[in-house]
Amino acid sequence: MVQSWIKPVLWLACLLSLQAVHAHETHPEHSASALTVSVTADHGGRVWLAQVKQGQVWVSVSDDAGKYFSTEVAVNPVPMTIAADAEARPNIAAGANGAVYVTWTEALKKNHAGNIWFARSLDGGKKFEAPYIVHQHREEITH
């Protein structure tokens, strides 16, 4: 069953990459957000997508192997400067009983420094609890 969703997820990644190229050519200030996508699947085969748009992490879910996704839900209600490149993109995981977990990095002024945020949904991604910084050390250091 796990292998049945691999092809649609790969196609989705390819499409999002093409979208990123187009965004880069037309609106360079928005090019990073099209590349900041994370995908996972839950035990029921639903595909979960997390992405950054205008300083917020958005989550949506697909029940049909990625053909269609639900309306996006904002994870962080207050926009912030989110690190959105390479490995520094939101991470999403799906747990039991409709739990969805999301982490992301808020970029700080100092190079390679950031706050690591966490939020969870216990109702299948319909709404997320208030996000919080997971580390106690608040100096601008690399995590």
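Residue numbers for the sequence shown, in mature numbering (1 follows the signal peptide of the UniProt record, and there is no 0): -23 to -1, 1 to 120.
Glycine is no exception: its CB is placed at the ideal position from the N, C-alpha and C atoms.
Under a three-way DSSP split, which group does residue i fall into?
{"i": "G91", "result": "strand"}
{"i": "V111", "result": "coil"}
{"i": "V(-3)", "result": "In this predicted model, V(-3) has a pLDDT of only 39, less than 50, meaning its place in the structure is not dependable; the value taken from the coordinates is given anyway. If DSSP states are grouped into helix, strand and coil, V(-3) belongs with the helices."}
{"i": "K104", "result": "coil"}
Short of 7 Å in beta carbon distance, which residues of its chain neighbour residue i, apart from the five on each side in sequence? Order them along the chain.
{"i": "P56", "result": "Q31, G32 and Q33"}
{"i": "T17", "result": "W25, I69, A70 and A71"}
{"i": "T13", "result": "Q28, V29, A61, R66 and P67"}
{"i": "A51", "result": "Q33 and W35"}
{"i": "E49", "result": "W35, V36 and S37"}
{"i": "F46", "result": "L26, S37, V38 and S39"}
Skipping 5 residues on each side, what residues in its chain have a beta carbon closer than 6 Å to that of residue i?
{"i": "H4", "result": "The pLDDT assigned to H4 is 33, lower than 50, so where the model puts this residue is not dependable; a value taken from the coordinates is nonetheless given after this. Once the five neighbours on either side are set aside, H4 has no close Cβ partner at all."}
{"i": "A84", "result": "T58, A60 and G91"}
{"i": "V77", "result": "A71, S98 and G102"}
{"i": "T80", "result": "N68 and F95"}
{"i": "N53", "result": "Q33, V34 and P108"}
{"i": "F105", "result": "V52, A96 and S98"}
Just to confirm my understanding: we take residue i, look at its own chain, exclude 5 residues before and 5 after, and list those with CB closer than 8 Å. What are they?
{"i": "Y109", "result": "W94, F95 and A96"}
{"i": "C(-10)", "result": "Confidence is the limiting factor: at C(-10) the pLDDT is only 48, short of 50, which leaves the residue's position unreliable, though a coordinate-based value still follows. Taken in chain order, the list of residues that qualify is empty."}
{"i": "G75", "result": "S98, L99, D100, G101 and G102"}
{"i": "T82", "result": "I59, A60, A65, G91, N92, I93, W94 and H120"}
{"i": "R23", "result": "V38, S39, D40 and A71"}
{"i": "V111", "result": "T80, I93, W94 and F95"}
Ignoring anything shorter than 3 residues, give me the beta strand (DSSP E) runs that lie fully in the region 18 to 101, in order along the chain. Segments of the beta strand (DSSP E) lying fully in the region 18 to 101: 24 to 30, 33 to 39, 68 to 71, 77 to 84 and 91 to 98.
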